[in-house]
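Sequential numbering from 2 applies to the sequence shown in this note's numbering.
By construction, the Cβ of each residue, glycine as well, lies at the ideal position given by its N, Cα and C atoms.
These numbers were taken from a predicted model, which means no experiment stands behind them.
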Amino acid sequence: MGTRVPKSIADYSRFDIDVGVRCLACRRLAVFDAAEVMAFFATRQIPMTVPISTLPFVCRCGSKELQTIAVEKCCRPDPLPPKRPTLQPLYVQEAR
Ligand SMILES: [Zn+2]
2 MGTRVPKSIA DYSRFDIDVG VRCLACRRLA VFDAAEVMAF FATRQIPMTV
52 PISTLPFVCR CGSKELQTIA VEKCCRPDPL PPKRPTLQPL YVQEAR
């Protein structure tokens with residue numbers, strides 16, 4: 002990856018790098034857009050420094066044994082697979 006060493010998620014965007022989250026249990030790799038990860042982390046006040054926190058991620062296999070890696074944007078498949086729709090609740094009532 003040359004001499005461009007990202008120090009924060011902002012650098013990922015700047016250097017055209019995607020955020021890869023590798024599951025150490027099943028080896029699945031999920032690749033995220035750095036700008037979207039940055040916005041998500043900002044709302045949750047998760048530090049933006051590298052190594053990127055795996056805290057908010059869970060693998061589809063259920064494992065939280067994850068590792069973040071830098072993936073060059075040029076590795077993206079063309080065309081990208083369609084986004085899986087997600088449904089967010091309007092609000093959640095906690096048990097009292
Ligand atoms: Zn997994």
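field: N-terminal and C-terminal residue of the alpha helix (DSSP H) that Ala35 is part of
entry: Ala35 to Arg45
- request: Please write down, chain order preserved, every residue whose beta carbon lies under 6 Å from a heavy atom of ligand 1.
  value: Cys24, Ala26, Cys27, Arg29, Cys60, Cys62 and Ser64
message: Am I right that Arg97 and Cys60 are in contact with their C-beta atoms under 8 Å? What's the rounded C-beta distance?
response: 32 Å between Cβ atoms; not a contact.
- prompt: By the 10 Å Cβ neighbour count, where 16 or more other Cβ atoms means buried, how is Ala71 classified, buried or exposed?
  reply: buried
Spatial distance of Pro74 from Lys8 (CA atoms): The displayed chain sequence assigns Lys, not Pro, to residue 74. Cα-Cα distance, rounded: 17 Å.
message: For Arg103, report the span of its alpha helix (DSSP H) as first-last.
response: As displayed, the chain neither begins before 2 nor continues past 97, which places residue 103 out of reach and without an answer.
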